[in-house]
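Count along the sequence shown from 1, then add 367; that gives the number in this note's numbering. The C-beta atom is built at its ideal place from N, Cα and C for all residues, glycine as well. All figures in this text were calculated on a predicted structure; none of them were measured in a lab.
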Amino acid sequence: MGLFAIPELNTRLGTLRAYHLTAIVFISSFLSAYDSGIAGGILTYQSFQDDFGFTAAHKSKVSSLTVGLEQLGSFIAALLFYPLTDRYGRKLCIIGSTALFVIGVIIQVIKTHSLAAWYVGHIVSGLGMGGQSVVIPMYSAEMTPKEIRGRCGSFYQWLYAWGVFLAYWVDYGVAQNPSISGTSREWQIPVALQLISGGILLIATLTLPESIRWLLTQNRTDDAWKAITWVRGGDTPKTHDEFTETQLGLQAERAEKENFSYHELLEPANRLRFIVGPVLFIFQNATGSSALAVFAPQYFKLIAGSDANRNMLLTGLFGAVKVIACTFFIWVLAERISRRMTLVSGSALMAICMLITALIVDYVPTQSASNIYNCSWGPLPWAYVPEIFPTRIRALGLAVSMLAHWASSFCFSFASPYMIQNVGANTFLIFMGFDILATIFCWFFVKETRGKNLEVAAGTEWEAAERSSSDISEKGAVLGPDGKKVQLVSVHENFHINTKQRS
368 MGLFAIPELN TRLGTLRAYH LTAIVFISSF LSAYDSGIAG GILTYQSFQD
418 DFGFTAAHKS KVSSLTVGLE QLGSFIAALL FYPLTDRYGR KLCIIGSTAL
468 FVIGVIIQVI KTHSLAAWYV GHIVSGLGMG GQSVVIPMYS AEMTPKEIRG
518 RCGSFYQWLY AWGVFLAYWV DYGVAQNPSI SGTSREWQIP VALQLISGGI
568 LLIATLTLPE SIRWLLTQNR TDDAWKAITW VRGGDTPKTH DEFTETQLGL
618 QAERAEKENF SYHELLEPAN RLRFIVGPVL FIFQNATGSS ALAVFAPQYF
668 KLIAGSDANR NMLLTGLFGA VKVIACTFFI WVLAERISRR MTLVSGSALM
718 AICMLITALI VDYVPTQSAS NIYNCSWGPL PWAYVPEIFP TRIRALGLAV
768 SMLAHWASSF CFSFASPYMI QNVGANTFLI FMGFDILATI FCWFFVKETR
818 GKNLEVAAGT EWEAAERSSS DISEKGAVLG PDGKKVQLVS VHENFHINTK
868 QRS
């Protein structure tokens, strides 16, 4: 199989449309990354300090509040958007959350000379990012074919890496431009550039169909059929097969738990899902790579000395490494190797890199850990976590997972400037400890989902039987591609802990 060859998809048009859809919605990840990436540089500019009236002595406080309040807004939005995605649909929630982000950026870019206004702008854009983080991975998982679902879901981290990369070089570029450096434009230009990507996401989302699975849960079967034929590139037998399989999968979920009750969340399989999803995102932030992405200039000062220009250049090169590593994972590894073993090996190798960095911090940068992160823990949780929740609780599951993501991101981002200042190289030993815990957790608790129908990946398994055309009134039967009715025979839950080694 060639590097880019993906077998058994409906049509070449369907493949292109799956990538097209994913690339559009994951502009949100680019926005989130770019916003985080520019913060580390902007907050070091003397022009920013002069415009907002604070001194170098308060830099750690302003840095922590800028990043922390935005992530607090994201934390709140992750909770608020959960019921909205089920009620109003995925597409409308993407549009609404993106609009919030754009409004927040507009507040930030205005030179108010007020840190309070700057913080408010970050809270509002944080609300938008939090809403996007709940609905967009869910939408991507529900719309992309199982053969490339992991690859498409990993676009989240790929575009995140691009956002960080461009943010670093924009920061470096404005700082080196003599006509811009030292003026208000030095920080306003990087902030304002977010409006371009935000506008593209808003307009492009209008051209996309609603989620197939959400439409089916609303009994809008005709609209769901139109959506799947668009995204799969035509009305083909394989499209019919997938549509039938999706309908049966959703029926199986409903049959397994006819009337939803919150007591259902306490059942063993769901308890495990609500542990695995949030914990993976906590460990994603606890590896240290997320904090490094936000505060890269400060970390490189710790590692390589106090030359500001050299540290900004190292930061830009760090961003380039992230893009290369993440690109390699998406196009070479994503659909070829086990999700579980990628996470296990990734965290184990990062622990080794963090130990080496802590021991010889004056000489060795953390590029190796960044490479490993972007081939494992960077992209995979965004693809994996939406897969383990059934449709009926996917919105709630992702909301809880995003609460954990943003809460842990807030904690590590808020603490990082103080850790760098007070703990120094031992910061990397702390990250090493979390990497070891992540390795152990994934070995015992992560279930393989690669290449499975979304409902099967979530643990719902079923048997079905065909009915003749005379049984057209058979309750619960759906139409198969050959004109025969297909009906569920049995359903069972298959999401549990398996302590045996599995790849």
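Identify the continuous alpha helix (DSSP H) that holds residue i and give its terminal residues.
i: ASN646; result: According to the sequence shown, residue 646 is Val rather than Asn. It spans 635–653 - the alpha helix (DSSP H) in which VAL646 sits, taken as one unbroken run.
i: GLN561; result: 561–572
i: THR411; result: Where THR411 is concerned, there is no enclosing alpha helix (DSSP H), given that its DSSP letter is neither H nor E.
i: ILE579; result: 579–584
i: PHE468; result: 457–476
i: ALA385; result: 379–392
i: ALA424; result: ALA424 -> no alpha helix (DSSP H), and no H or E assigned at all.
i: ASP590; result: 588–598
i: LEU632; result: Neither: LEU632 is in no alpha helix (DSSP H) and is coded neither H nor E.
i: THR709; result: 706–726
i: TRP485; result: 482–510
i: LEU747; result: 747–755
i: GLY800; result: 793–812
If we count the other Cβ atoms within 10 Å of its Cβ and call it buried at 16 or more, is residue i buried or exposed?
i: LYS814; result: buried
i: ARG454; result: exposed
i: TYR730; result: Only weak support exists for where TYR730 lies, its pLDDT of 46 falling under 50; the value from the coordinates is given anyway. With fewer than 16 other Cβ atoms within 10 Å, it is exposed.
i: ASP418; result: buried
i: GLU437; result: buried
i: ARG379; result: exposed
i: THR574; result: exposed
i: THR733; result: Note that THR733 scores 48 on pLDDT, short of 50, meaning its location in the model is unreliable and no value can be drawn from it.
i: GLU754; result: buried
i: ILE515; result: buried
i: LYS871; result: For residue 871 there is no data in the structure shown, the boundaries of the chain being 368 and 870.
i: ASN789; result: exposed
i: SER775; result: buried
i: GLU334; result: Not covered by the structure: residue 334. The range shown for the chain is 368 to 870.
i: ILE579; result: buried
i: LEU633; result: exposed
i: THR336; result: With the chain covering only 368 through 870, there is no way to say anything about residue 336.
i: LYS513; result: buried
i: CYS458; result: The sequence given here places Lys at residue 458; Cys does not occur at that position. So LYS458 counts as buried.
i: SER403; result: buried
i: LEU583; result: buried
i: ALA423; result: exposed
i: SER414; result: buried
i: SER840; result: Per-residue confidence for SER840 stands at a pLDDT of 44, beneath the threshold of 50, marking its modelled position as unreliable; the derived number appears in the next sentence. Classification for SER840: exposed.
i: SER500; result: buried
i: TYR486; result: buried
i: ALA832; result: With a pLDDT of 45 at ALA832, under the threshold of 50, the modelled position of that residue is not reliable, and the figure given next carries that caveat. Burial call: exposed.
i: THR480; result: Just to set this straight, residue 480 is His in the shown sequence, not Thr. Exposed: under 16 other Cβ atoms inside 10 Å.
i: SER431; result: buried
Considering only heavy atoms of the ligand COA, does any lie closer than 7 angstroms to the CB of residue i?
i: THR806; result: Looking for the ligand COA in the displayed structure turns up nothing, as the structure carries no ligands at all.
Quick check: the stretch 386–404 against the stretch 493–503, are at least 3 beta-carbon pairs closer than 8 angstroms? yes
Inside the stretch 513–555 only - alpha helix (DSSP H) runs reaching at least 4 residues: 516–520, 522–543
For the 8 angstroms Cβ check, are there 3 or more pairs between the stretch 461–470 and the stretch 416–434? The stretch 461–470 vs the stretch 416–434: no contact.
Counting Cβ pairs, one atom from each stretch, are 3 or more of them under 8 angstroms apart for the stretch 477–491 and the stretch 530–548? Too few Cβ pairs lie closer than 8 angstroms, so no.
Spell out a yes or no on whether the stretch 796–812 and the stretch 519–529 are touching, meaning 3 or more CB-CB pairs, one atom from each, closer than 8 angstroms. no
For the stretch 635–645 and the stretch 753–772, state whether three or more C-beta atom pairs, one from each stretch, are separated by less than 8 angstroms. yes
Check whether the stretch 707–717 touches the stretch 603–617, taking contact to mean three or more Cβ pairs, one atom from each stretch, closer than 8 angstroms. no
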